[in-house]
Amino acid sequence: MSMHEANKLLQISISPKDDKLELPKSPYIPKRFTNQNIHKVSKQCISQGKLGITLLNYSSSVEGYTIYSNPPILTCIYISEAPIEALQHFWLVLQQGPSKRDAVQVQEEREKIRQKPRPNPWRLLNSDVLLIIFSFLGGKLGKYSLVCRKWAQMVGELAKSLRFNYAKDVGGDIIIRTIKRHPYLNIISLTDCRNLSLAHIKRAMGLPLRHLKRLDLERCKKINSQALFLIILNTPKLAHINLIETSVDDTFFQDLNPQVHLKNLSSISCSSLTSVGVSSIVSKYPKILKFELHVSRLTSELVSLVFRMPSLIEIKLYYETSEFIEIFKPCSQLQIVEILPTDRIEPRSDLMAFWDCLTGSDIKHIGCNLNKECLTQLIKYWPNLISARLCEYFPLPKSVTKLSLYFNEDFDNEIKHADGEKWMTSLKYLEIIMPRLEYSKTEQINTYFRKHYPCCKLLINSL
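Residue 33 in the UniProt record's numbering sits at position 33 of the sequence shown, with consecutive numbering throughout.
In structure tokens:
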């Protein structure tokens, strides 16, 4: 509804709230009228944003919008969901009648009233009440940020996971400030955040990580044992921690108190550890389910220490050099085993003794660099095998649906071999790992698999 003054009359116009709606074309439906057409105004519900206007003998087809009728015609207009200040101003203008103000001045005054901030009751709710509302509503919280600025800020604070794009260029102070603004984080991935150091963590004076369950610090090379100790001081729910390619050493695990620190730890990935650090992990956290270790030299002592954890389900060992592994007793619940060199992955048989010790386990995934002869001897002991990571092609059972292969010179001939096509039809996922990506070679492999194995998802990666 808009209003302006002309010819000493209040010209009042009515239009639909939605542009898509149209009022019926009838002379008795008011679209424009003056204050002289108004017979009665019901202002009892102005405080609720409602107003009623009654017009007497109204018709838009005549001049002055008034006709003679006996009995008289009453046309009622109901206004609802209107700003209270606007209705009060409208009623005041009707009482005062037309003035000498021009239309421009009236429009400016109406614009000021329209832009006047109105109180939003949702802003008055405290944080505890908002948490209850959000937990009840469930789903994605992004749409609730449109309610008001306070809700938008609260939704941002309720983020469950944090990951940085272009992590190499992000400063340590920015990382700390971001974590402090999100006190309900469950997952923090700081992969490649190379600028985060002990100095930033000390200046933070504690981080809000009470809800943290997963912490990924892979390739954060400035994070040492002291910095990590400050991070995990207030993390009672932390279950998974990734320390690959950090500066964390044996002293961190030697200083841990399992009654106070990392009580719920179930998965750990680390590097730069010796048998001393591994021994501390085994003795303090025997209930670990997943363990990943990167070492420079794989020894029998290290392997025997790792397999002392009775609850171990997944073990991944990556090494640069290795020695002969003596016979050991594996965990009864072991299902996923990977033992691979970090570079120069070639078919070998020097770790056959290690795999012989696992023939009694119910293995579902293997990762190894054994040659075909060794695999032929071992594969029959694992009837429930569903995935594998191998360094050369080998005909696997039909139960295997996921396969990762390291590319070699004879790859094309091996894949296209007739024996392979029989079991490869059951594959749902195939990853090919190449020393370097070459367009001609990758396109050739991609074309072949699309033609012969359309149901298999192909992924080509580089080392």
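Ideal Cβ positions, reconstructed from N, Cα and C, are used throughout, including at glycine.
Please read all numbers here as calculations on a predicted model, not as lab measurements.
- At a Cβ-Cβ threshold of 8 Å, Leu385 and Lys372 do not count as neighbours.
- In the DSSP assignment, Ile432 is bridged to Leu405 and Ile460.
- The beta-bridge partner set that DSSP reports for Gly52 consists of Ser42 and Tyr78.
- Remark: fewer than three beta-carbon pairs, one from each stretch, lie closer than 8 Å, so the segment 141-154 and the segment 170-178 are not flagged as touching.
- With a minimum length of 4 residues, the unbroken runs of alpha helix (DSSP H) contained wholly in the segment 178-264 fall at 198-204, 225-231 and 250-255.
- Counting only residues of its own chain and dropping the five nearest sequence neighbours on each side, Thr274 has a CB closer than 7 Å to the CB of Asp250.
- Cys455 is classed as exposed because its beta carbon has fewer than 16 other beta carbons within 10 Å across all chains shown.
- Linking Met434 to Gln444 through their CA atoms gives a straight-line distance of about 14 Å.
- In terms of CA proximity to Leu162, Ile188 leads the group Ser145, Ile188 and Gln153.
- Distance from the Cα of Ser47 is smallest, within the candidate group Thr54, Pro24, Asp18 and Leu87, for Leu87.
- The Cβ atoms of Leu289 and Leu317 do not sit closer than 8 Å to each other.
- Burial check for Asn37: the Cβ neighbour count within 10 Å reaches 16 or more, so the residue is buried.
- Counting other Cβ atoms within 10 Å of its Cβ, Ala199 stays below 16 and is therefore classed as exposed.
- Residue environment analysis places Pro83 among the exposed positions, since fewer than 16 neighbouring C-beta atoms fall within 10 angstroms of its C-beta.
- Residue state for Val303 is assigned as helix, using DSSP reduced to three classes.
- In this structure, Thr447 keeps its C-beta atom at 8 Å or more from the C-beta atom of Tyr429.
- The shortest C-alpha to C-alpha distance from Glu320 to any of Val337, Glu431 and Asp343 is the one to Asp343.
- Fully enclosed beta strand (DSSP E) runs of no fewer than 3 residues are not present anywhere in the segment 117-153.
- For Glu346, the closest alpha carbon among the candidates Cys368, Leu334 and Pro330 is that of Cys368.
- Straight-line spacing of the CA atoms in Ser279 and Arg219 works out to 24 Å.
- The continuous beta strand (DSSP E) containing Gly367 extends over residues His365 to Gly367.
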